[in-house]
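Asker:
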Amino acid sequence: MIANQDSTPDTMKKALTYTIAALVAAAELDGDRSADDRAFFQREHDALTPVFHRVSTTAAAVETHTLTVGMRAQVRVVVGDAVLDRGVRDAKARMKLELKNSAMPGGADHVFPSDVRDLTEAEARNEPALVLQVAQRFAQVPEYHQKSEQRQMLEERARKQKENLDARDAADLAEATLKGAQRLAIRDGADALYRLEKRMLERFPREAKYVREFFYDTAPVRKEKKAAAPAPGPAPAPAPVPPRSSQNPPPA
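When the sequence shown is numbered by this note's numbering, its final residue is 1402 and no position is left out of the sequence of numbers.
1. Determine contact between the region 1354-1367 and the region 1155-1175, defined as no fewer than three beta-carbon pairs at a distance below 8 Å.
2. Could you spell out where the alpha helix (DSSP H) holding Thr1216 opens and where it closes?
3. Please classify Ser1396 as buried or exposed, where buried requires at least 16 other C-beta atoms within 10 Å of its C-beta.
4. Under a Cβ-count criterion, where at least 16 other Cβ atoms within 10 Å of its own Cβ denotes burial, should Pro1400 be classed as buried or exposed?
5. Can you give me the Cβ contacts of Met1221 inside the same chain, cut-off strictly under 7 Å, excluding the 5 residues immediately before and after it?
6. Quick one: what does DSSP say Tyr1168 is sitting in, helix, strand or coil?
7. Tell me whether the region 1201-1210 and the region 1352-1359 touch, counting them as touching only if at least three CB pairs, one residue from each stretch, are closer than 8 Å.
8. Taking the straight line between their C-alpha atoms, what separation do you get for Ala1185 and Ala1340?
9. Applying the criterion that 16 or more other CB atoms from any shown protein chain within 10 Å of the CB defines a buried residue, is Val1174 buried or exposed?
10. Please go through the same chain and pick out, in chain order, the residues whose beta-carbon is closer than 6 Å to the beta-carbon of Ala1143, but skip the five residues on each side of it.
11. For Asp1235, count neighbouring Cβ atoms within 10 angstroms of its own Cβ and tell me buried if that reaches 16, exposed if not.
12. Quick one: Cα of Val1233 to Cα of Leu1346, how far?
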């Protein structure tokens, strides 16, 4: 089975490389072929080579983007989320302590959710906006030491996390575009191999086995089934017990 449009980039690269190498080998080694046949092999080689390069280039672009831009964007979201969560917990703990003896001892639960996990465990995409809403409510509680700094810290971390999320979205969009180009290249590779097989079968109509040797077989290797174990036969009958002689009574 030749590589088709659903092949992975690695499989398509391997299939194209195999066929390109086979065309070169046939042109050089198959002395039974005419000069026109060898020219045919060379033309097909020249037509298939840029298809391989396109598959290889688009696959490399996807991998590079995923391992650099995409990975970096994802890691920044993960780390940014941890930093924002820590800021939320610290800010609420500090407010609760500072307002304990104030005119508004329950101010921390007014500014923050009663259960801070409603913020720290919120969907990552929603958390920055929720934290910015919390920061706006700082003005509704009495002043305390470093209140302004705590509010600024939360706002800065929330905005930074929003930037991290936007950067990840942009990276995902770019990756989708690169993968689209990769899929088109793989499709072109599959079409090129299919058309080449048809042309070769027309050129060598009685040599289907010979033509198959030019194409990498992507079919999975089938494992041979193990022979079934023979069904167990009937259990042997127990040996008869000889009757005990009355002349030899059992020992006491």
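Backbone N, C-alpha and C define an ideal beta-carbon position, used for all residues, glycine too.
Answerer: In short, the structure shows the following:
1. yes
2. As a position in the sequence shown, residue 1216 is number 66, starting the count at 1. Run containing Thr1216: none; DSSP gives neither H nor E here.
3. Position 246 of the sequence shown holds residue 1396. Here Ser1396 scores only 45 on pLDDT, less than 50, and its place in the model should not be relied on; the value that follows carries that caveat. That one is exposed.
4. Here residue 1400 corresponds to residue number 250 of the sequence shown, with the count starting at 1. Confidence is the limiting factor: at Pro1400 the pLDDT is only 49, short of 50, which leaves the residue's position unreliable, though a coordinate-based value still follows. Exposed, by the Cβ-count rule.
5. Looking up residue 1221 in the sequence shown gives position 71. Within the same chain, Met1221 has no close Cβ partners at all.
6. Reading the sequence shown from its first residue, position 18 is the one you call residue 1168. Correct three-state label for Tyr1168: helix.
7. no
8. On the sequence shown, residue 1185 is found 35 positions in, with the first residue counted as 1. On the sequence shown, residue 1340 is found 190 positions in, with the first residue counted as 1. Those two C-alpha atoms are separated by around 28 Å.
9. As a working mapping, residue 1174 is identified with position 24 in the sequence shown. With fewer than 16 Cβ atoms within 10 Å of its Cβ, Val1174 is classed as exposed.
10. Outside the modelled stretch of the chain, which goes from 1151 to 1402, sits residue 1143, for which no answer is possible.
11. On the sequence shown, residue 1235 is found 85 positions in, with the first residue counted as 1. That one is buried.
12. Translated into the one-based positions of the sequence shown, residue 1233 becomes position 83. Translated into the one-based positions of the sequence shown, residue 1346 becomes position 196. One C-alpha to the other measures close to 57 Å.
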